[in-house]
Structure formats: structure tokens, C-alpha cells
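One structure is given below, encoded as C-alpha cells.
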């Protein structure tokens, strides 16, 4: 299946741009654009040939100006579709020095959410379009011929010819608006800072906006399509506060006079950090106070803080090549938690870092088919593949561990030094380690070498011996099959924090084993206090049993209670312990009141639910889920209480969904009562709407399906559409689930939303076969929509990764033996590995679990 990719994809280092003058004219009726650009080049040696990146661009002419009336035109223009380049061959050579290359071209405003593309929206039933951009990682070349590499930084002068009445947005503010031909005007923008091509943006359409000025004088605007300006208030407030926090934390002013946040109806990811003109999917930016849930508000604040962090980390200082992508994404996935903790202290957001970011990293990186944080990439498809949870979540988790090791002050000062030293330049990972070493005087590069250079992470085994407590490390694998195949002997330098109720100690584990002096008088021992480490912890049975009481009476903080149960489920999946040991230990959580701990318990039980589906143990597990979660719902009730923490609201939604899904009759009756109220037009709290829709789908039939579809088609708020779409995969009738698949690819569903609806069917044990048949039958269409390195294909492929049915493993192996998954090859390998591990887990533990339930 895997195709060989060219090794040499970098453009010549003898030619580099210093400035682009780009004039573009988009046609929003015919979905095309025309352009002319002049690139100011520096040549390090004589040449007659120039190679630039270009894809899906039709080039009319190219010339080099040698003076006022002396233009030398290219005698030949050739394209290399695989390398995504264009080469201009001139009839003469040009000496080393500075020249100007002018190119006239045209292209298509595509519908693929990449490059320069079109997005649609409706007002009063009428369809409208806007033009927008998405250039990361390698799609600026779809909008204009360029040197589309992060290190080829330049200044951009942009001008856009637009219909009168439209709004033009780019990275900087307009400096002039002049008349063009009848009905058109030319908007010229001020020069950008020196920056990479992937950070350029231009947007044309009908917009309205809210604006305010930051304390440091930055003009902040939030743009929406017409009729949605009232949803921009939260984003405006959040942006102002986050900007203020970062300027203080980094001790470097935001370097532009304006910061625009633009909500785009069709967008492939959640947001993109274009310098000064950040684009968002609507659900990543807009808040409707009556209809937006608490979890969505948290997500929006996090996304805004992530993209604003990039204005320094990624934009001001940029990775030299995509191998170092994690420098951008790891930091921008860690730093937002610092900002949000300050801005919204009642949210207790750091625990969400543990349940979300860190947990995601540990799940993915436990596979044999993972990759190091730093991975050599060449072809654009490969670059797309590393925009994954290793670069983002493991990168952030490793940073959090380092920050804990260095201490808050040294960590912050190291970042400041790094950003100041490398402003407007490009860096590699080593430059960051050098900055931390200079400030902290600790051997950071040596410590971090294997964390970024090797795939995977360790499990720390903890047991008593005659000298105290022995800890040892080996690489952790989610499956014993993968462990046997890999034979990995990597040793990490692991900062380990350990202790009990009144004791906290640290050790740097640099070898395979170490002994911690520990007295029985100290009582119980918890390793990885605070859960900052990027590792699993496996306790001997005796040490684990000693942790039961501090979990039950909550002497252990919620982070640590969370970490214990999370690791137990992972160890059961890995075959290091049997599943009944986890289920027995769950009794220690009967008094649990932390949302974040319940998230981990819920996740672990949901994973077991998938593994045990269609077995004799399925009903017994559902009964256990009901007995586990019923007291929680009794405590919370269905209605929000005045002054309750936002985590109670998040927990309420999760518990209702889990109980209804497991067949708890009282919860189902109450959910259906709320559903009838919704049908009559009554307002139900947005936090529980998704759970209600899920309950309706999992217990309903054709009538409920038709009602949900009708609501979906009528709905104008993207978040509410997602709630409805997220429930469609929960139906049990195979015919309805087949209809859901057809609906997912219909004109009623945006291309960006199809993957999540389809995946919902695949994640339903009763929908796996239907999902499999539909995706295999429609593979050509799916690849044409989402292939070539877009992240959606990788995510969609993994929809049935929780299955333990051997037929799915066989089917997927066979299918991908003869079908390509461009830009998602690693995702295919990860899916097959996960399925193989699940099949083995069920065989290993099914009878043990049956015996547990019988007793």
C-alpha cells in the first residue's frame, strides 16, 4: 500500500524571496481567480532556471525585469505534479544578486477547504459564497506560485480586487481603497511582517463584526457572516484577555496593530493561526448564550488561546522545517491552559489537560505504529500525517513534564529568551533546549533527547524490596502483540515525583532501575504525584491495595485518583493485569465527586463496553454502569443549580448519556419527556441537549430519526447541528443506520461535518458492519474529498478501532491491501494494530470478566 515518496523535496537554497507583491481578483460567481505577483529574489549564484511550488495554478507568463522596459520572458514553463512545482526556464542566465520575477496566473476557488477556496452560507433561504484561505501546511502553492517552505520567509504586500459592498480581510490593515472598473474596488493592505507563506491569509465576502481595543492598543475584531454578529461577544472578550495574558507572560508585545478573528462556515480544522487574521470554523469561535453548552465555551476559549499562542510560537519564531512542527503545536497546546487558568479560574482547567491532552497522547503513543515527536517528513502527504495527537498532545504533555521539572519561573524565562533570540527567524528543537539550559543550568537537551527523538513512552513498575521501593522502566505498549513484535529497549530519562499525604520527593530515573528509600511509617505510596509525567504507573498488587483507602476517602487529590484508574484500564488492555482487577478497584470510587475522575471512569467503561458488545457480558456490564452512575445523577439532578461549578454541568450531561445508553429506564423516560418538550418548542438547557438526542436515538425508531433529520436541515447554528449529527449514529435499526450514512454525504451536510456523522455509525457496535460496507463502497469519493493529507481521512479510518470482532480486522486488512489511503497510511496501520489488540484482549479476558460478574 505504501508508496515511495521523493526524498529531495526542498527547493534550491541558492534562491530565496525577500518580498512578494500579490494582486488577486476572486470571482465569486464563477469560482475562479486571477492574479499577478512580483517576487523580489536574491540569487546566491548564476542561474537561468527557477523552480517554485505551484499546484492547480494555470500560469500564463513569467518574466524577469532588468529595467524599465527590459523584460525577459521564460521560454519554457514546465510542471512537476508529484513534486507540486513549476519550473521557469529563461533564454539567458542571471548573475548572483537581486532580481524581480513577475508571474501572471489564474486558478479555481475550489470546494476542498484548502488553498484559496469558496465557502457557502444561507440567509433567508438564499445561498451566498465567500472566498477564504487555508495554507498550512503546503497549500499556499494552490493560490499563487511561491517558495512554500517555512524557512523561506518574506514580506507580503497584498491587494484584492473585490465587488463593492464586500469586505476584504488580510493579515494587516488596508492602506488604501481605490475605484476599479464599475462595481469593483481595489483594497491594498500594509506590508506584513517577515513571515512564512503558510501564515498568509485573504478573505473576501459579506461580513459584520464586533471590535474593541486591547490595553496595549491592538485593534481586535471578530468577523461573522451576516446575522451572527451577536454570537461574537464571548470571543471578543476572550481574545482581549488572552492577548493581555500572553503579552505579559512572553514579555514581548504582540507585533501587529490589528488582530482579526474570522468565523468561516466551511473549514477543515477548528482554526488556523494566520498572523493577524486567524480563521475559525464557526463552532470554534461563536457563542450563543441561549444555545451554547459549557463544554463548547471551554473548547472555544481553548481554541482561541491556542491560536493566539501561535502568534508568538510559530509566527514570530517558526520551525525551520515540518520535522519540527511540534515546536509550534506542542507549545500552542500547552500554553493555553496557563492563560485559561488565569482568565477563568473557576473552570479548574488544568485537570482537563490531564483528561484530554495528556490522555490522548498516552492512548496514541502506546501503539507500535506511532512516530517520534520529531519525524523526518518530505512529501506534503507525509506532512499532513504528522498533524496528529503526537505532535499536538504528546508535544504538549512533554512540555508540561519539562515545565514541572524546571519550575514555573525558569520555564517561563527560558521561553522568553528563546522568543527574543529567534524573533522573525526559524528554529529547530535544539534551539529551544539551549534556551532552557542557559536559563535553568540543567542538562535539558540530554534529558529530552529520547522524549522527542524516539516514539513511545515508558511504564514505571513499582514494587517493594528489602531496601525500600524499586522502580523500573520499559516501553509501554497497548497490546502484548505489539510489545512482542517491537522488542524496544529504549531507556528514557524520567522525572518521577512520588510521595504520600505529607511527603513529596523527586528522582530522575536515568537507567532501567532505581531504588527509592521508603519507610512503612510513610504509609501509602503514589508515584507521579500530580500526574505530570508522560508514563504509565504499574503498582504491585500490595502497593495498589494500599492506595484503595486514600482513593475512597479522597486523601489523594483528584489528579492522582484520575491517574490511578486511567492507568489500570490501560494496563488491562495491555495484558499487564486482567480486566477484573480494574473492575474490583472501581469500588474505591463510590464516593467520587470529581468530574475529571468520572470522565476517566466513563472512558474506561465505554472502552470495555465496545470490547464486550455482542457477548454474554454486555448486559452485565451495562448493569454495572447503571449502578455506578445512578448515584451521581441522583446527586446532580437534571436541572442546573444556582452557583454550581461548571464541571457539575459537564458531568450531568455525561452521566445522562451513559445511563440512557446502558438502558436505565428512569433516565430514558426523563430524557424522552425533555424530547417532547423540545418538539413543542420549549428551551432545554444546551448542556444536556446532546445527551437527550443520544437517548432518543438509542431508544428510538424511524419516527425519531425523521424528526432529528428535519431539525438538522432547519438548524442554522453549527453547534446545534453537531449535537443532532452526533446522535444519529446511536440508532439501533440497521436500515436507519444505513440511511444515516447516505445522509452524511448528502447536500444537507457540510463536507467538514460528514466525517463525524459517519464515524458515529462506525463507533456504534450495531453500525460497524454498515459503516464498513458504506466506506468501502464509497472509498473513491471519500478519498477525493478528504485525501492528500487532510486530517479528516485519518480520523474517519479509525471509526471502528474499538471493535473486537475478528471479521473487521480481516476485512480491513484485505481492503487496505488493495486500496490506498493517501496521507493516512500510518492511520491505517494504527487501526489494524488496535483491532488486533482488541481481538486478543477479548480472548484473554472474556471468561475472567464473566466470572467476575457471576460472583
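Residue numbers (the working numbering): 79 to 933.
From the three backbone atoms N, C-alpha and C, an ideal C-beta is built for every residue, glycine too.
Note that the structure is a prediction, hence the values are computed from the model and not measured.
Here residue 232 carries a strand assignment [DSSP, helix/strand/coil]. The C-alpha of residue 133 lies about 10 angstroms from the C-alpha of residue 216.
A direct Cα-Cα distance of roughly 10 angstroms separates residue 187 from residue 112.
Per DSSP, residue 367 lies in no beta strand (DSSP E) and is assigned neither H nor E. Nearest to residue 529 by C-alpha distance, out of 288, 192, 440, 173, is 440. Rounded to the nearest angstrom, the Cβ distance from residue 476 to residue 612 is 6 angstroms, consistent with a contact under 8 angstroms. Contact annotation, residue 341 with residue 248: C-beta distance approximately 17 angstroms; criterion of less than 8 angstroms not satisfied.
Under the DSSP assignment, residue 551 falls in the beta strand (DSSP E) whose first and last residues are 546-553. Looking at the DSSP output, residue 299 sits in a beta bridge with 289, 338. In the structure shown, the three-state DSSP call for residue 187 is coil. In this structure, residue 483 lies away from residue 445, with their beta-carbon atoms at least 9 angstroms apart. If you check the CB distance, residue 531 and residue 513 do not come in under 9 angstroms. Excluding the 5 residues flanking it on each side, residue 870 has same chain C-beta neighbours closer than 6 angstroms at 833, 864, in chain order.
Non-local C-beta neighbours of residue 379 in its own chain, meaning closer than 6 angstroms and more than five positions away in sequence, comprise 316, 418, ordered along the chain.
In the displayed model, residue 886 falls within a helix according to three-state DSSP.
In the DSSP annotation of this structure, the continuous segment of the alpha helix (DSSP H) that includes residue 706 starts and ends at 695-714. For residue 847, the enclosing alpha helix (DSSP H) begins and ends at 846-855. Judged by DSSP in its simplified three-state form, residue 496 adopts helix. The DSSP-derived three-state label of residue 253 is strand.
The Cβ atoms of residue 575 and residue 601 lie no closer than 9 angstroms to each other. Here the region 459-475 does not lie against the region 159-173, with fewer than 3 beta-carbon pairs under 8 angstroms apart.
By the Cβ criterion, the region 221-230 is not in contact with the region 256-264, since fewer than three pairs of Cβ atoms, one from each stretch, lie closer than 8 angstroms. With the rule of 3 Cβ pairs closer than 8 angstroms, the region 691-706 counts as touching the region 740-754. The closest CA to that of residue 921, considering only 657, 534, 668, 900, is found on 657. The C-beta of residue 710 has 16 or more other C-beta atoms within 10 Å across all chains shown, which makes the residue buried.
Non-local C-beta neighbours of residue 584 in its own chain, meaning closer than 6 angstroms and more than five positions away in sequence, comprise 575, ordered along the chain.
At a Cβ-Cβ threshold of 9 angstroms, residue 119 and residue 178 count as neighbours. Counting every other CB atom within 10 Å of its CB across the protein chains shown gives residue 190 a total of 16 or more, marking it as buried.
The region 343-352 makes no contact with the region 305-315, as fewer than three CB pairs between them are under 8 angstroms.
Close CB contacts of residue 301 within its chain, under the 6 angstroms cut and outside five residues either way in sequence, are with 285, 287, 340 (chain order).
By the Cβ-count criterion, residue 754 is exposed, with fewer than 16 other Cβ atoms from all chains shown falling within 10 Å of its own Cβ.
Distances from the alpha-carbon of residue 783 to those of 796, 795, 251, 804 put 804 closest. Annotation: residue 649 to residue 643 spans about 10 angstroms, alpha carbon to alpha carbon.
One Cα belongs to residue 244, the other to residue 209, and the distance between them is close to 11 angstroms. Within a 10 Å sphere around the beta-carbon of residue 144 sit fewer than 16 other beta-carbons, which makes this residue exposed.
DSSP places residue 170 in the uninterrupted beta strand (DSSP E) bounded by 163-172.
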